[in-house]
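Enquirer: The structure that follows is given in the form of structure tokens.
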Amino acid sequence: MTLPADSHVHSEFSWDTGGPDSPARGTMEATCARAVRIGLPALFFTEHLDLETAWFTDPEDFGDHERHLVAADGIVSVPRFDADGYFEAIERCRAAFPFLRIGTGLEVGQPHLRLEAAANELDLTRFDRILGSLHTLEFEGRRVEPSTLYRRLPAEEVVRRYLAEIPDLVAGDEPFEIVTHLDYALRCWPEEEEGPFDPRSLEQELRGAMAVIAHSGRALEMNTRRLWPWMPQWWAEEGGRTISLGSDAHTPAALAHGFPEAVAMVEAFGFRAGRDPRELWRR
Ligand SMILES: [Zn+2]
Ligand SMILES: [Zn+2]
1 MTLPADSHVH SEFSWDTGGP DSPARGTMEA TCARAVRIGL PALFFTEHLD LETAWFTDPE
61 DFGDHERHLV AADGIVSVPR FDADGYFEAI ERCRAAFPFL RIGTGLEVGQ PHLRLEAAAN
121 ELDLTRFDRI LGSLHTLEFE GRRVEPSTLY RRLPAEEVVR RYLAEIPDLV AGDEPFEIVT
181 HLDYALRCWP EEEEGPFDPR SLEQELRGAM AVIAHSGRAL EMNTRRLWPW MPQWWAEEGG
241 RTISLGSDAH TPAALAHGFP EAVAMVEAFG FRAGRDPREL WRR
């Protein structure tokens with residue numbers, strides 16, 4: 001089996017890998033070395049471009065290595081993406097790992113809100129793969145992380161609001177080709193109080209979100225942090241034709257996490273690889 005590209009990988013150029021001195025740091029070079037070691041033919045370094053100037057979080061929702069970014073009032077401000085440093089590192093790694101196909105990319109948070117402004121500062125055409133992500137939701141006049149919202153709203157309501165914003169995310173023509181981690185709000189689902197998340201309780205909302213993404217012509221990422229068989233199944237049934245596979249690795253060890261199982265899962269629903277491992281999978 002040839003593995004597909006990991007289309008969602010972070011390096012030291014993403015603010016939440018913790019900066020140069022953090023033990024959580026996953027460098028581009030170490031991640032490339034790991035790719036070669038596990039036989040991954042291709043990957044895309046899709047660094048965070050978070051476009052809100054500030055958003056709100058409870059400090060406990062941030063790891064030790066990133067808590068310095070949260071002010072006393074809970075407002076987060078993140079450093080700017082260093083595009084020049086990033087492209088230099090890409091070139092260094094392409095020279096050092098000639099048999100690995102290293103793609104460039106961005107993971108844009110809330111592209112429907114600020115991508116146009118970002119495009120004025122950054123030449124988006126330089127990137128091979130742009131992911132669109134929803135990381136925050138509107139709540140009481142500010143943008144808030146879902147993990148923080150679970151302390152303020154009923155659990156199901158958080159997921160419902162997350163899915164309700166998907167039509168706005170994909171309504172415009174912002175140039176991102178893949179919608180990432182549709183299950184983002186489920187990562188911090190309060191299982192202890194609520195029990196395991198039951199997708200059938202929000203099936204209509206999940207399918208509705210998938211249908212609008214499919215209609216926008218974009219691909220849906222199968223985020224391999226957690227594999228949900230309903231994700232490729234409902235995506236296919238709602239008209240979705242293309243997918244990417246992404247581990248969302250922030251450390252070398254997490255690269256291509258769960259890929260063999262994910263490949264088997266999406267193949268079962270009719271998705272097939274292209275000729276080049278960097279291509280999206282189609283059905
Ligand atoms: Zn993300
Ligand atoms: Zn990510």
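Position one of the sequence shown corresponds to residue 1 (UniProt numbering), numbered consecutively onward. Cβ coordinates follow ideal geometry from the N, Cα and C atoms, glycine included. Every value quoted in this text rests on a predicted model; they were computed, and no experiment measured them.
Report the three-state DSSP secondary structure of Val78 (helix, strand or coil).
Expert: coil
Enquirer: Smallest Cα separation from Pro232: which of Gly270, Thr31, Thr104?
Expert: Gly270
Enquirer: Beta strand (DSSP E) containing Glu47: first to last residue?
Expert: Glu47 -> beta strand (DSSP E) spans 42-50.
Enquirer: Does Thr46 come within less than 9 Å of chain B when only Cβ atoms are used?
Expert: Among the chains of the structure shown, chain B does not appear; only one protein chain is present.
Enquirer: Spell out a yes or no on whether the segment 209-216 and the segment 235-244 are touching, meaning 3 or more CB-CB pairs, one atom from each, closer than 8 Å.
Expert: yes
Enquirer: Determine the burial state of Arg282: buried for a count of at least 16 other Cβ atoms within 10 Å of its Cβ, exposed for fewer.
Expert: Arg282 is exposed by the Cβ-count criterion.
Enquirer: Would the beta-carbon of Thr251 be found less than 8 Å away from any heavy atom of ligand 1?
Expert: no
Enquirer: So what does DSSP say about Ser244, is it helix, strand or coil?
Expert: strand
Enquirer: Please confirm whether any heavy atom of ligand 2 lies closer than 8 Å to the CB of Asp173.
Expert: no
Enquirer: Going by the CB atoms, is the gap between Ser14 and His250 shorter than 9 Å?
Expert: A contact, by the Cβ cut-off of 9 Å.
Enquirer: Can you list the beta strand (DSSP E) stretches of 3 or more residues lying completely in the segment 66-126, in chain order?
Expert: The segment 66-126 contains, as complete beta strand (DSSP E) runs of 3+ residues, the segments 101-109 (chain order).
Enquirer: With a threshold of 7 Å on Cβ separation, who are the neighbours of Val78 within its own chain once the five nearest residues in sequence on each side are excluded?
Expert: Trp15, Asp50, Leu69
Enquirer: Below 8 Å CB to CB, which residues in the same chain sit around Pro260 once its five sequence neighbours on both sides are set aside?
Expert: Met1, Leu3
Enquirer: Are Leu255 and Ala35 touching if we call contact CB-CB under 9 Å?
Expert: Between Leu255 and Ala35, the C-beta gap is smaller than 9 Å, which places the two residues in contact.
Enquirer: Is any non-hydrogen atom of ligand 1 found closer than 8 Å to the C-beta of Asp248, if you look at the structure I gave you?
Expert: yes
Enquirer: Would you tell me roughly how many angstroms separate the C-alpha atoms of Ser147 and Pro175, rounded to the nearest one?
Expert: 28 Å
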